[in-house]
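Under the numbering used here, read the sequence shown as residues 1 to 100, first letter to last.
From the three backbone atoms N, C-alpha and C, an ideal C-beta is built for every residue, glycine too.
None of the values given here were measured: they were computed from a predicted structure.
Since the structure comes first, as structure tokens, the remarks are kept for the end.
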Amino acid sequence: MVDSTELADVAVEASKILKAIANPGRLQILCMLVQEEMNVTSLEHATGIPQPRLSQHLARLRKEGLVTNQRHAKEIRYSLSSSEAQEIIALLHRLYCGPE
Numbered sequence: 001m002v003d004s005t006e007l008a009d010v011a012v013e014a015s016k017i018l019k020a021i022a023n024p025g026r027l028q029i030l031c032m033l034v035q036e037e038m039n040v041t042s043l044e045h046a047t048g049i050p051q052p053r054l055s056q057h058l059a060r061l062r063k064e065g066l067v068t069n070q071r072h073a074k075e076i077r078y079s080l081s082s083s084e085a086q087e088i089i090a091l092l093h094r095l096y097c098g099p100e
């Protein structure tokens with residue numbers, strides 16, 4: 001059984017992740033990244049989110065540790081970074097983004 005201090009710490013961490021994904025735009029981005037790593041242009045086309053707003057969302061997701069980026073030549077590719085985020089987004093993707 002988890003003690004109250006541990007539970008409080010876990011609740012804080014979980015709430016950070018849930019707050020970060022509780023935005024339709026960020027959730028769209030994460031649903032795309034659960035499938036494959038993508039660059040900003042691909043994410044913009046796939047989600048319809050304008051590039052400036054997309055960059056803001058990606059910055060927030062990076063800050064919360066949900067997304068990471070890697071430079072490949074002139075291109076920056078984004079992917080899900082934490083195993084917790086991958087599991088949560090995979091579940092949400094299956095429930096809401098997957099085939100009917």
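Let's see if you can read the secondary structure: which residues bound the alpha helix (DSSP H) around residue i?
| i | result |
| --- | --- |
| E84 | 83-92 |
| Q56 | 51-63 |
| Q28 | 24-33 |
| L43 | 40-47 |
Within 10 angstroms of the Cβ of residue i, are there 16 or more other Cβ atoms? Answer buried if so, exposed if not.
| i | result |
| --- | --- |
| T5 | exposed |
| T41 | exposed |
| H57 | buried |
| Y78 | buried |
| V2 | exposed |
Distance, Cα to Cα, residue i vs residue j?
| i | j | result |
| --- | --- | --- |
| N39 | G65 | 18 Å |
| R60 | A20 | 7 Å |
| T68 | R26 | 14 Å |
| A14 | H93 | 18 Å |
| K16 | R62 | 12 Å |
| E75 | E36 | 15 Å |
Sorry if obvious, but does the Cβ on residue i come closer than 7 Å to a heavy atom of the ligand GDP?
| i | result |
| --- | --- |
| S83 | What this structure holds is no ligand at all, so the ligand GDP is not there to describe. |
Specify the secondary structure class of residue i as computed by DSSP and reduced to three states.
| i | result |
| --- | --- |
| E13 | helix |
| E75 | strand |
| L95 | helix |
| L18 | helix |
| L80 | strand |
Practice item. Could you tell me whether the segment 26-33 touches the segment 87-98, using the rule of 3 or more Cβ pairs below 8 Å? Key: Verdict: yes, contact present.
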